[in-house]
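Enquirer: In this text, residue positions in the sequence shown follow our numbering: the first is 1372, and each later residue adds one.
Have a look at this one before I ask anything.
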Amino acid sequence: MKVPNLRRIVETVIPIASTQPSDYLDQLRTEVLKHIRELQSSGQIDWYSVLVHNAGQVDGRAQGDKNLVFHIRLEPSSELSIDELITRLPPHFRDPHPAILRNISGLEGELLEGADWAHAWRVVGESAEWVLCLLEAHATGLPTTQTIQFMHYITNLLGLGHQCVHTPSRRQF
């Protein structure tokens, strides 16, 4: 995944209907994965990220809103303007609007290449890509134990093993 242009971002949300694991994963597959892949294959986006947040953490939403959302950020391809991408998004991508990405809470910007936050956002996008690839690799379902084992392959290469990573026995939001 490329380094995003932090000034060419569209921010949107999809309300999470259920945190029950099978329902949650089904929604992630049908409402996020499917449409991100369509946007990619049609050449409409160059970069994306997906995180789960309380709606109140998203710009333009009521700060006290504790409802969970898929918080999606998209960079339009160089051939599209921000406004053109907004008009092409599926209707369930709610309240799309232009955004500028800045720092990421919990990370130290001075440690990044050239102290450029775009490098951190690239990794956030790659982590979303990793999750979508994990879903695509499983025809149905995705047991927590399977997810934890796949995460081990990331922590292993970083020399973290199972020592430093919280690995719950269930999904939690």
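Even for Gly, the Cβ is constructed at its ideal location relative to N, Cα and C.
Short of 7 Å in beta carbon distance, which residues of its chain neighbour glutamate 1546, apart from the five on each side in sequence? Order them along the chain.
Expert: The structure shown does not extend to residue 1546, since the chain is modelled only from 1372 to 1544, so the question has no answer here.
Enquirer: How about histidine 1406 and proline 1447: do their beta carbons lie closer than 8 Å?
Expert: For this step, residue 1406 is matched to residue 35 along the sequence shown. For this step, residue 1447 is matched to residue 76 along the sequence shown. For histidine 1406 and proline 1447, no; Cβs fall outside 8 Å.
Enquirer: Name the two residues that bound the continuous alpha helix (DSSP H) containing proline 1447.
Expert: As a first step, residue 1447 is located in the sequence shown; it is residue number 76 there, counting from the start. Taken as a continuous stretch (DSSP letters only), proline 1447 belongs to no alpha helix (DSSP H), being part of the beta strand (DSSP E) at 1439 to 1447.
Enquirer: Run through the DSSP bridge pairs and tell me what tyrosine 1419 is partnered with.
Expert: One-based indexing of the sequence shown puts residue 1419 at position 48. Partner(s): Leu1445.
Enquirer: Return no unless some Cβ of chain D is closer than 8 Å to the Cβ of glycine 1480.
Expert: No chain D is part of this structure, which consists of one protein chain only.
Enquirer: Assuming arginine 1444 and isoleucine 1385 make a contact with CB atoms under 8 Å, what is their CB distance in whole Å?
Expert: As a first step, residue 1444 must be located in the sequence shown, where it is residue number 73. As a first step, residue 1385 must be located in the sequence shown, where it is residue number 14. 12 Å between Cβ atoms; not a contact.
Enquirer: Sort Asn1527, Gly1530, Glu1402 by Cα distance to histidine 1442 and report the nearest one.
Expert: For the purposes of this step, residue 1442 is identified with residue 71 of the sequence shown, where counting begins at 1. Here the closest residue by C-alpha is Glu1402.
Enquirer: Across which residues does DSSP place proline 1461 in a beta bridge pair?
Expert: Taking the first residue of the sequence shown as position 1, residue 1461 is located at position 90. DSSP output for proline 1461 lists no bridge partner at all.
Enquirer: Got a sec? Which residues, its chain only, sit under 6 Å from leucine 1513 by beta carbon, not counting five neighbours each side?
Expert: To locate residue 1513, count along the sequence shown from 1; it is residue 142. Cβ within range, chain order: Leu1396.
Enquirer: Three-state secondary structure (DSSP) at aspartate 1466?
Expert: Taking the sequence shown and counting its residues from 1, the one referred to as residue 1466 is at position 95. Note: aspartate 1466 maps to strand in three-state DSSP.
Enquirer: Quick check on serine 1393: buried or exposed, where buried means 16 or more other Cβ atoms within 10 Å of its Cβ?
Expert: On the sequence shown, residue 1393 is found 22 positions in, with the first residue counted as 1. Label assigned to serine 1393: exposed.
Enquirer: With which residues is valine 1381 paired in a DSSP beta bridge?
Expert: The residue labelled residue 1381 in the question sits at position 10 within the sequence shown. According to DSSP, valine 1381 bridges with Leu1445, Pro1469.
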